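Chemist:
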Amino acid sequence: KAGVTQTPRYLIKTRGQQVTLSCSPISGHRSVSWYQQTPGQGLQFLFEYFSETQRNKGNFPGRFSGRQFSNSRSEMNVSTLELGDSALYLCASSLQDTVTEAFFGQGTRLTVV
Amino acid sequence: GIQVEQSPPDLILQEGANSTLRCNFSDSVNNLQWFHQNPWGQLINLFYIPSGTKQNGRLSATTVATERYSLLYISSSQTTDSGVYFCAVEDSGTYKYIFGTGTRLKVLA
């Protein structure tokens, strides 16, 4: 059974650009959530989707957005990139409509220069 | 919101030693997980343990939900156990996990 797949694994972007990250959950999992990990702030929740609906959003500016498709795949977008957006972005999937055991992908490491 | 504290923040062990990592949380939780973050950044599931005790090889975990803490035991540590261990709890009703700041473990050969 394939795990959670995140693409791309690494990205280098310039300030002011935008970026889209992709996450394919484990087959059958309908909940997808995103987290940002930085050395200073640790692991912080970005947003969670279930059946194409965003059920919660973390305390991040509006430049951070996401969506989920009917096949449960999810994308997150960051517009007008800032140096502080450099981070490891982790996606997790879980099976049910309530939070149960979460399984994480390998992450996308974004560097903004 | 719920607070999660992990201790110790750093731990250095000689290979073969045992260790206990602790996770305290400030409110009742429905879900709790322990993860090991590998050098490439991936969070590897160790235990899904909202309550009770589980064992998997040299690792075991106990969560006492009524007292709001969880313990991760590592026995006969190996160099491959090195890395950062995270505890995460579900913030009830919010569909999100709150992570502790982690315990950075280094096992010396």
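Chains D and C supply the protein sequences, listed in that same order.
Taking this note's numbering, I'd label the letters of the first sequence as residues 1 to 113.
Taking this note's numbering, I'd label the letters of the second sequence as residues 1001 to 1109.
Beta carbons are placed, not taken as given, at the ideal position from N, Cα and C, and that holds for glycine.
Just so you know, these numbers come straight off a predicted model, no measurement behind them.
#1: So, helix, strand or coil for Glu-1010(C), using DSSP?
#2: Quick check: what's the CA-CA separation for Ser-1051(C) versus Phe-47(D)?
#3: Opposite Ile-12(D) in the DSSP bridges: which residues?
#4: Quick one: any contact between the segment 1011-1019 of chain C and the segment 26-34 of chain D, if contact means 3 or more CB pairs under 8 Å?
#5: Run through DSSP, which three-state label would Gly-84(D) get?
#6: In terms of alpha-carbon separation, which member of Gln-1078(C), Val-1084(C), Thr-1066(C), Asp-1091(C) lies closest to Leu-1021(C)?
#7: Out of curiosity, what's the CA-to-CA distance linking Glu-1005(C) and Val-1064(C)?
#8: Tyr-10(D): which of Ser-22(D), Gly-66(D), Gln-41(D) sits nearest, CA to CA?
#9: Listing by chain order, which chain D residues have their CB less than 9 Å from the CB of Gly-1041(C)?
#10: Quick check on the DSSP output: what are the complete beta strand (DSSP E) runs of length 3 or more inside the segment 29-62 of chain D, in order along the chain?
#11: Pair every Cβ in the segment 1073-1082 of chain C with every Cβ in the segment 1024-1032 of chain C, then say whether three or more of these pairs are closer than 8 Å.
#12: Between the C-alpha atoms of Ala-92(D) and Leu-1108(C), what's the straight-line distance to the nearest angstrom?
#13: At the 9 Å Cβ level, is Gln-1096(C) part of the contact set with chain D, yes or no?
#14: Is Asp-1081(C) closer than 9 Å to His-1036(C) when the C-beta atoms are compared?
#15: Along the chain, which unbroken stretches of the alpha helix (DSSP H) at least 4 residues long are found entirely within the segment 1041-1107 of chain C?
#16: Given that Thr-1101(C) touches chain D, what residues does it touch there, using C-beta distances under 8 Å?
#17: For Ala-92(D), name the three-state secondary structure that DSSP assigns.
#18: Given that Ser-33(D) touches chain C, what residues does it touch there, using C-beta distances under 8 Å?
Modeler: Based on what the coordinates show:
#1: Along the second sequence, one-based indexing puts residue 1010(C) at 10. At residue 1010(C) the sequence reads Asp, which differs from the Glu that was named. Strand, per DSSP.
#2: For the purposes of this step, residue 1051(C) is taken as the residue at position 51 of the second sequence. For the purposes of this step, residue 47(D) is taken as the residue at position 47 of the first sequence. When rounded, the distance between both Cα atoms is 26 Å.
#3: In the first sequence, counting from the first residue as 1, residue 12(D) sits at position 12. Thr-111(D).
#4: Segment contact: the segment 1011-1019 of chain C against the segment 26-34 of chain D, fewer than three CB-CB distances shorter than 8 Å; contact not assigned.
#5: Within the first sequence, numbered from 1, the residue matching residue 84(D) stands at position 84. Assigned with DSSP and collapsed to three states, Gly-84(D) falls in helix.
#6: Here residue 1021(C) is taken as the residue at index 21 of the second sequence, counted from 1. The candidate whose alpha carbon is nearest that of Leu-1021(C) is Val-1084(C).
#7: In the second sequence, the residue the question calls residue 1005(C) occupies position 5. In the second sequence, the residue the question calls residue 1064(C) occupies position 64. Their backbone Cα atoms lie some 15 Å apart in a straight line.
#8: Here the question's residue 10(D) lines up with position 10 in the first sequence. Of Ser-22(D), Gly-66(D), Gln-41(D), the residue nearest in Cα terms is Ser-22(D).
#9: Taking the second sequence and counting its residues from 1, one reaches residue 1041(C) at position 41. Neighbours of Gly-1041(C) on chain D, chain order: Gln-37, Leu-88, Leu-90, Gln-106, Gly-107, Arg-109.
#10: 31-38, 42-50, 53-57
#11: The segment 1073-1082 of chain C, when compared against the segment 1024-1032 of chain C, does not touch it at the 8 Å Cβ threshold.
#12: Against the first sequence, residue 92(D) aligns to sequence position 92. Against the second sequence, residue 1108(C) aligns to sequence position 108. For Ala-92(D) and Leu-1108(C), the distance between alpha carbons rounds to 31 Å.
#13: Locating residue 1096(C) in the second sequence gives position 96, counting from the first residue. The sequence given here has Lys at residue 1096(C), not Gln. At least one chain D Cβ lies under 9 Å of Lys-1096(C).
#14: Position 36 of the second sequence, counting from 1, holds the residue named residue 1036(C). Position 81 of the second sequence, counting from 1, holds the residue named residue 1081(C). Cβ distance < 9 Å, so His-1036(C) and Asp-1081(C) count as in contact.
#15: Listed in chain order, nothing qualifies, since the segment 1041-1107 of chain C has no complete alpha helix (DSSP H) run of 4 or more residues.
#16: Looking up residue 1101(C) in the second sequence gives position 101. Against chain D, a Cβ distance below 8 Å from Thr-1101(C) picks out Gly-42.
#17: The sequence position of residue 92(D) within the first sequence is 92, counting from 1. Here Ala-92(D) sits in strand by DSSP.
#18: As a working mapping, residue 33(D) is identified with position 33 in the first sequence. Within 8 Å Cβ-Cβ: Tyr-1095, Lys-1096, Tyr-1097.
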